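This report refers to the structure that appears directly beneath it.
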Amino acid sequence: MSALGFTSRFSPMLSNRFLCQTNSLLFSFSSSFSSSLKIPFKALSCSSNSLLHNNGTTSRPLSTSSPLSGLEDELVGYIFGKKKATEMAHLVWRHVLHKGDIAIDATCGNGYDTVAMLKMVADESCRGRVFGMDIQTEALESTSSLLDEIVNQKEKELVKLFPICHSRMDEVLPEKIAVRLVAFNLGYLPGGNKDIITTSKTTMLALESAKKMLMSGGLISLVVYVGHPGGREELETVEGFASGLCVDGWICCKFQMLNRPLAPVLVFIFKR
Ligand SMILES: C[S@@+](CC[C@H](N)C(=O)[O-])C[C@H]1O[C@@H](n2cnc3c(N)ncnc32)[C@H](O)[C@@H]1O
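For the sequence shown, my numbering assigns the number 1 to the initial residue and increments by one for each residue that follows.
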């Protein structure tokens, strides 16, 4: 496949600082999430129930009233324990991804994330690509089966799966690709061998590769599990990586349940 490139359609907007704390959730923004999101993210005030962009798997009516339309339901659902971290992640992807984009699933697992991002980038003229990887062939088989179940053959052809460690993504992906999303759902394969897990060292290498491939207006999304051995260290690695990125170029934030210490932590790293 030849290298594909996309340029950002957005210009940077003003920075904000947002910090909101409830009994169970800490949500902090080091700055505005606004420069290339489909929604201006200048402040987290919500007023409408409808969706501004209908780019993913949901089909809600278009709205003209709220810049945060669509996000508020999921965020509130997450705050009140009704939405999972992965659902929140998908929602954020939906506000970043466009039809025709390139997305990377760095940890395919059972394929739910691969399918979700494919639905968001695939268009009728067969643009959009998803590159997926996993160190376990069992996981890639599972992903492939899920794709067979849920998407059509044309859509499936937009996905390329690699049985490799994500730290080697730059060896297998086309040169100079402009990637809109690199997603990590860390830890072990649900229903699989719990000893085969992502590690701080390779996650860090993969994050460095992802950083280079990401286009302006792109997102690195991580769901980090801290309940297994090495999980907390991996979170520290991810946080160290994100907090070291320059404010002028990157917006990094974290969602964390304060009274559920083993709940997955969401980290979003957005390139202005
Ligand atoms: C939590 S699961 C991913 C769930 C998946 N995204 C889904 O939607 O079902 C984590 C996956 O990461 C994979 N993995 C572990 N280390 C890896 C590495 N170094 N590179 C790529 N994948 C890795 C595991 O094999 C496992 O399938």
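Glycine residues also receive a C-beta, built at the ideal position from the N, C-alpha and C atoms.
Just so we're clear, the structure is a prediction, and the values are computed from it rather than from any experiment.
For a test of the three-state rule: what should DSSP assign to residue i, helix, strand or coil?
i: Ile269; result: strand
i: Val247; result: coil
i: Ile150; result: helix
i: Gly217; result: strand
i: Ile197; result: strand
i: Phe80; result: coil
i: Leu238; result: Here residue 238 is Val; the residue named in the question, Leu, does not match the sequence. Val238 falls in the helix class under three-state DSSP.
i: Leu207; result: helix
i: Val121; result: helix
i: Leu262; result: coil
i: Lys156; result: helix
i: Leu222; result: strand
i: Leu161; result: strand
i: Gly231; result: helix
i: Met99; result: Rather than Met, the amino acid found at residue 99 in this sequence is Lys. Here Lys99 sits in coil by DSSP.
i: Lys212; result: helix
i: Glu175; result: coil
Could you check the C-alpha separation between residue i and residue j for me, to the nearest Å?
i: His166; j: Arg260; result: 29 Å
i: Leu161; j: Gly132; result: 5 Å
i: Leu258; j: His98; result: 33 Å
i: His147; j: Asp105; result: What sits at residue 147 in the sequence shown is Leu, not His. One C-alpha to the other measures close to 14 Å.
i: Asp273; j: Lys83; result: One cannot answer for residue 273 here, as it falls past the ends of the chain, which runs 1 to 272.
i: Val238; j: Thr199; result: 11 Å
i: Ser125; j: Gly100; result: 9 Å
i: Val267; j: Cys246; result: 16 Å
i: Ala309; j: Phe80; result: Look at the range of the chain in this structure, 1 to 272, and you will see that residue 309 is not part of it.
i: Val76; j: Met88; result: 10 Å
i: Leu205; j: Glu155; result: 30 Å
i: Gly249; j: Leu219; result: 12 Å
i: Thr203; j: Ile135; result: 12 Å
i: Leu71; j: Met120; result: 16 Å
i: Pro40; j: His95; result: At Pro40, the pLDDT of 37 sits below 50, so the modelled position is not reliable and the matter cannot be decided from this model.
i: Cys252; j: Leu235; result: 14 Å
i: Pro174; j: Pro163; result: 16 Å
i: Ala178; j: Val172; result: 14 Å
i: Ser145; j: Met117; result: 16 Å
i: Gln256; j: Gly187; result: 17 Å
i: Glu149; j: Glu233; result: 36 Å
i: Arg168; j: Gly192; result: 23 Å
i: Ser216; j: Arg127; result: 19 Å
i: Gln152; j: Tyr78; result: It is worth fixing the name first, because residue 152 is Asn in this sequence and not Gln. For Asn152 and Tyr78, the distance between alpha carbons rounds to 31 Å.
i: Leu189; j: Glu141; result: 12 Å
i: Gly109; j: Ala103; result: 16 Å
i: Lys176; j: Thr107; result: 21 Å
Residues bridged to residue i by DSSP?
i: Ile104; result: Phe131 and Val182
i: Leu71; result: Note: Leu71 sits in no beta bridge, so no partner.
i: Tyr188; result: Ile197
Using 8 Å for Cβ pairs, my map puts residue i next to residue j. What's the rounded Cβ distance?
i: Val92; j: Ser221; result: 7 Å
i: Leu214; j: Lys254; result: Not a contact, Cβ separation roughly 18 Å.
i: Phe241; j: Leu262; result: Rounded, the Cβ-Cβ distance is 22 Å, inconsistent with contact.
i: Thr137; j: Gly111; result: Contact doesn't hold; Cβ gap of about 13 Å is too wide.
Do residue i and residue j have their C-beta atoms closer together than 9 Å?
i: Ala85; j: Pro264; result: yes
i: Arg180; j: Leu158; result: no
i: Ala210; j: Val182; result: yes
i: Val226; j: Asn185; result: no
i: Asp73; j: His90; result: no
i: Ile197; j: Gly231; result: yes
i: Lys201; j: Asp170; result: no
Following a CB-centred definition, is residue i positioned closer than 8 Å to any heavy atom of ligand 2?
i: Thr237; result: This structure lacks ligand 2; the ligands present are ligand 1.
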